[in-house]
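Asker:
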Amino acid sequence: MRFPLFLTLNMNPRLRRSLLILTVLPLLLTAAACQPRSRGANRLAEDSAEVQQIDNTLTFENITLEQADESGDLIWEVFAEAASYNENEEFAAVTNPDGQLFQDGDAIYEIRGDRGQVYENGQRIVLRGNIEVLDLRSEAVLTGEEMEWRPEEQVLTVRRNFEVTHPDARLAAREGRLYDLEQRLELTGRVIARTRQDPRLVMRSQALTWLMTEEKMTSDRPIEVRRLQNDRVTDIASGQRAEVDLATNQVTLRGNAQIAMEDPMAQVNSSELIWNINQETLRSDQRLRLLQPRQQLTISANQGQLAIDTRVLNMQGDVQALAQRNQSTLTSDNLVWNLANQEFRATGNVDYRQPDPQMVVNGPTANGRLQNQTIVISGGRVVSEIVPEE
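Sequence positions in the sequence shown follow my numbering and run 27 to 416.
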């Protein structure tokens, strides 16, 4: 097994002080010669032009540190302008580190920072300062102020002002944890995610998981999703949980899900909403409710589909509509409602009621406007009941 420089120097403290200067380079070469690979030892011998011992501290300039597994495959490789190791510390301090992290012998990350520590057992690397990590598989660039990699746990963490730039999206959070094998990025703390495809989405939550290979983002925390067209917010949705399919540009909201729209102002609520951004459709197979506050209208049904571009809502199953201004009500099996002009067409067991003048009308179909009590009942047998004033 190949050891990094500072591990090679982990010898008996009683012997170190007296033999350090005379034996450091032969020791490095001897330790490396016993391993299946010699590239690290050659590099150490070439790079270690200046070795000093000051207060029990070894200092190297322009040095490459490496760690390999039992098969000789590299786990990590870090070049530093300077590296120092103190016998009382458990890590080597490095200046301007620049290197690569490996998985099964293949480089998966390129890393750099202002300074850092490489720990003795080789199973932890911490970089600080201006951190930049390039994921060679996804082309994502991760930046922040602190990076920690634990190869045994196969997780890379970036903290403080964490940002991600990717061809499909840009994200920011307090912290991000990237799991090597799954290519799963978990973001926590004031998460903001922006997609690049127009119309674009802006998501805000306290936690978000990006499944990079599956092109999906999920959140099990309350989340807000905004749709932007030409940098203008057109619709705002929210829910307790969400899943965003980046490939199809579809958002699924669950748990007190709702979407608010402008022109005209309206809101749709349900336990689940499926929002297709490209097709501009919204649907739910669960009980849903439409609110139009300016018109004081409320409509609910067992399921429905909204064409966002035309503002036409199709609702099915136990449809109930209420115009609060005049207290007129309409129930039916199905309803097509135009949010823009308030016109509707109802089919199946239509029942219309109004208090002033008091009237009840039943029939198979109806169309009209609830606001001004203009209703036409037609088709088959129509029953009207006019209740006279007492």
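A virtual CB, placed ideally from N, CA and C, is assigned to each residue, including glycine.
Could you check whether the stretch 355-365 touches the stretch 278-285, counting it as contact only if at least three pairs of C-beta atoms, one from each stretch, sit closer than 8 Å?
Answerer: Verdict: no, contact absent.
Asker: Could you check which residue in Asp311, Gln380, Ala392, Pro383 has the C-alpha nearest to that of Asp373?
Answerer: To locate residue 373, count along the sequence shown from 1; it is residue 347. Reading off the sequence, residue 373 comes out as Thr, not Asp. With distances taken between Cα atoms, Thr373 lies closest to Ala392.
Asker: If His192 and Ser164 are in contact, beta carbons under 8 Å, what's the gap, nearest whole angstrom?
Answerer: On the sequence shown, position 166 is the one that residue 192 refers to. On the sequence shown, position 138 is the one that residue 164 refers to. 7 Å between Cβ atoms; contact.
Asker: Please state if the CB of Gly330 and the CB of Gln342 are separated by a distance shorter than 8 Å.
Answerer: For this step, residue 342 is matched to residue 316 along the sequence shown. For this step, residue 330 is matched to residue 304 along the sequence shown. Yes, they are a contact pair.
Asker: Just to check my reading of the structure: Leu211 and Trp175 have Cβ atoms closer than 8 Å, yes? What is that Cβ distance to the nearest angstrom?
Answerer: Within the sequence shown, numbered from 1, the residue matching residue 211 stands at position 185. Within the sequence shown, numbered from 1, the residue matching residue 175 stands at position 149. Rounded, the Cβ-Cβ distance is 14 Å, inconsistent with contact.
Asker: Please report the residue range of the beta strand (DSSP E) in which Asn112 lies.
Answerer: As a working mapping, residue 112 is identified with position 86 in the sequence shown. Unbroken beta strand (DSSP E) run through Asn112: 100-112.
Asker: Can you give the beta carbon distance from Thr260 to Glu288, rounded, assuming they're within the 8 Å contact cut?
Answerer: If you number the sequence shown from 1, residue 260 lands on position 234. If you number the sequence shown from 1, residue 288 lands on position 262. Yes, they are in contact, since the Cβ atoms of Thr260 and Glu288 sit about 7 Å apart, within 8 Å.
Asker: Is it right to say Val402 is buried, meaning 16 or more other beta carbons lie within 10 angstroms of its own, or is it exposed?
Answerer: Against the sequence shown, residue 402 aligns to sequence position 376. Exposed: under 16 other Cβ atoms inside 10 Å.
Asker: Does the beta-carbon distance from Ile134 to Asp206 come in below 8 Å?
Answerer: As a working mapping, residue 134 is identified with position 108 in the sequence shown. As a working mapping, residue 206 is identified with position 180 in the sequence shown. Yes, these two residues count as a Cβ contact at 8 Å.
Asker: Roughly how many whole angstroms lie between the Cα atoms of Asn114 and Leu213?
Answerer: Your numbering for residue 114 matches position 88 in the sequence shown. Your numbering for residue 213 matches position 187 in the sequence shown. Rounded to the nearest angstrom, the two C-alpha atoms are 36 Å apart.
Asker: Quick check on the burial criterion: 16 or more other C-beta atoms within 10 angstroms. Buried or exposed for Pro177?
Answerer: Taking the first residue of the sequence shown as 1, we reach residue 177 at position 151. Burial call: buried.
Asker: Alpha carbon to alpha carbon, what distance is there between Ala108 and Asn88?
Answerer: As a position in the sequence shown, residue 88 is number 62, starting the count at 1. As a position in the sequence shown, residue 108 is number 82, starting the count at 1. Those two C-alpha atoms are separated by around 6 Å.
Asker: Exposed or buried, which one is Gly142 when buried takes at least 16 other CB atoms within 10 Å?
Answerer: By one-based count along the sequence shown, residue 142 stands at place 116. Buried, by the Cβ-count rule.
Asker: Give me the Cβ distance between Ile249 and Ala268, rounded to the nearest whole Å; I'm assuming they're in contact under 8 Å.
Answerer: Position 223 of the sequence shown holds residue 249. Position 242 of the sequence shown holds residue 268. That pair is a contact at about 5 Å.
Asker: Just grab the DSSP bridge partners of Ala392 for me.
Answerer: The sequence position of residue 392 within the sequence shown is 366, counting from 1. Paired residue(s): Ala372, Ile403.
Asker: Would you mind giving the Cβ-Cβ distance between Val159 and Phe117, rounded to the nearest angstrom? I have them listed as a contact below 8 Å.
Answerer: In the sequence shown, residue 159 corresponds to position 133, counting from 1. In the sequence shown, residue 117 corresponds to position 91, counting from 1. 20 Å between Cβ atoms; not a contact.
Asker: If you follow the beta strand (DSSP E) that Gly148 is part of, which residue opens it and which one closes it?
Answerer: As a working note, residue 148 is residue 122 in the sequence shown. Run containing Gly148: none; DSSP gives neither H nor E here.
Asker: Assuming contact is defined by CB atoms lying nearer than 8 Å, are Gln276 and Asn302 in contact in what I supplied?
Answerer: The sequence position of residue 276 within the sequence shown is 250, counting from 1. The sequence position of residue 302 within the sequence shown is 276, counting from 1. Against a cut-off of 8 Å, the Cβ pair of Asn302 and Gln276 comes out as a contact.
Asker: How is Thr6 classed by DSSP in three states: helix, strand or coil?
Answerer: Because the chain is modelled from 27 through 416, residue 6 falls outside the range shown and cannot be assessed.
Asker: Any idea if Leu12 is buried or exposed, counting beta-carbon neighbours within 10 angstroms, 16 or more meaning buried?
Answerer: In the structure displayed, the chain extends from 27 to 416; residue 12 sits before or after that span and is not available.
Asker: Quick one: is Glu96 buried, meaning 16 or more other Cβ sit within 10 Å of its Cβ, or exposed?
Answerer: Taking the sequence shown and counting its residues from 1, the one referred to as residue 96 is at position 70. Under this definition Glu96 is an exposed residue.
Asker: Buried or exposed for Pro319, please, with buried defined as at least 16 other CB atoms from any protein chain shown within 10 angstroms of its CB.
Answerer: As a first step, residue 319 is located in the sequence shown; it is residue number 293 there, counting from the start. When all chains shown are included, Pro319 counts as exposed.
Asker: Could you give the C-beta distance for Glu92 and Leu100, rounded to a whole number, given that I count them as a contact under 8 Å?
Answerer: Walking along the sequence shown from the start, residue 92 turns up at place 66. Walking along the sequence shown from the start, residue 100 turns up at place 74. So it is a contact: roughly 6 Å between Cβ atoms.
Asker: First and last residue of the beta strand (DSSP E) that includes Ser310?
Answerer: The sequence position of residue 310 within the sequence shown is 284, counting from 1. Start and end: 307-310.
Asker: Tell me whether Asn328 sits in a helix, a strand or coil according to DSSP, three-state version.
Answerer: Counting from one through the sequence shown, the residue named residue 328 turns up at place 302. Correct three-state label for Asn328: coil.
Asker: Is the beta carbon of Leu197 sitting closer than 8 Å to the one on Glu189?
Answerer: Locating residue 197 in the sequence shown gives position 171, where the first residue counts as 1. Locating residue 189 in the sequence shown gives position 163, where the first residue counts as 1. Taking 8 Å as the Cβ cut-off, Leu197 and Glu189 qualify as a contacting pair.
Asker: Can Phe105 and Asp130 be called in contact, C-beta distance under 8 Å?
Answerer: Your numbering for residue 105 matches position 79 in the sequence shown. Your numbering for residue 130 matches position 104 in the sequence shown. Not in contact: Phe105 and Asp130 (Cβ atoms no closer than 8 Å).
Asker: Buried or exposed: which applies to Ser404, given that a residue is buried once 16 or more other Cβ atoms fall within 10 Å of its Cβ?
Answerer: As a first step, residue 404 must be located in the sequence shown, where it is residue number 378. Ser404 should be labelled exposed.
Asker: When you compare only the Cα positions, how much space is there between Asn147 and Gly98?
Answerer: The residue given as residue 147 occupies position 121 in the sequence shown. The residue given as residue 98 occupies position 72 in the sequence shown. Cα to Cα, Asn147 sits roughly 16 Å from Gly98.
Asker: Using alpha carbons as the reference points, say which of Asn352, Asp377, Ile300 lies closest to Leu361.
Answerer: As a first step, residue 361 is located in the sequence shown; it is residue number 335 there, counting from the start. Nearest of Asn352, Asp377, Ile300 to Leu361, Cα basis: Asp377.
Asker: Please go through the same chain and pick out, in chain order, the residues whose beta-carbon is closer than 7 Å to the beta-carbon of Pro225, but skip the five residues on each side of it.
Answerer: Within the sequence shown, numbered from 1, the residue matching residue 225 stands at position 199. Only Arg253, Leu254, Gln255, Ile303 meet the Cβ criterion.
Asker: Rounded to whole angstroms, what's the CA-CA distance from Arg371 to Val338? Just pull it up for me.
Answerer: Taking the first residue of the sequence shown as 1, we reach residue 371 at position 345. Taking the first residue of the sequence shown as 1, we reach residue 338 at position 312. If I take the Cα positions, the gap works out to 11 Å.
Asker: Based on Cα-Cα distance, which residue from Asp335, Ser264, Arg313 lies nearest to Pro290?
Answerer: The residue labelled residue 290 in the question sits at position 264 within the sequence shown. Nearest C-alpha to Pro290: Asp335.
Asker: Per DSSP, which one or two residues make a beta bridge with Gly265?
Answerer: Start at 1 with the first residue of the sequence shown, and residue 265 comes out as number 239. Note: Gly265 sits in a beta bridge opposite Ile249.
Asker: Quick check on Thr221: buried or exposed, where buried means 16 or more other Cβ atoms within 10 Å of its Cβ?
Answerer: Locating residue 221 in the sequence shown gives position 195, counting from the first residue. Classification for Thr221: buried.
Asker: Measure the C-alpha to C-alpha separation of Thr239 and Asn352 and round it to an integer number of angstroms.
Answerer: As a working note, residue 239 is residue 213 in the sequence shown. As a working note, residue 352 is residue 326 in the sequence shown. For Thr239 and Asn352, the distance between alpha carbons rounds to 54 Å.
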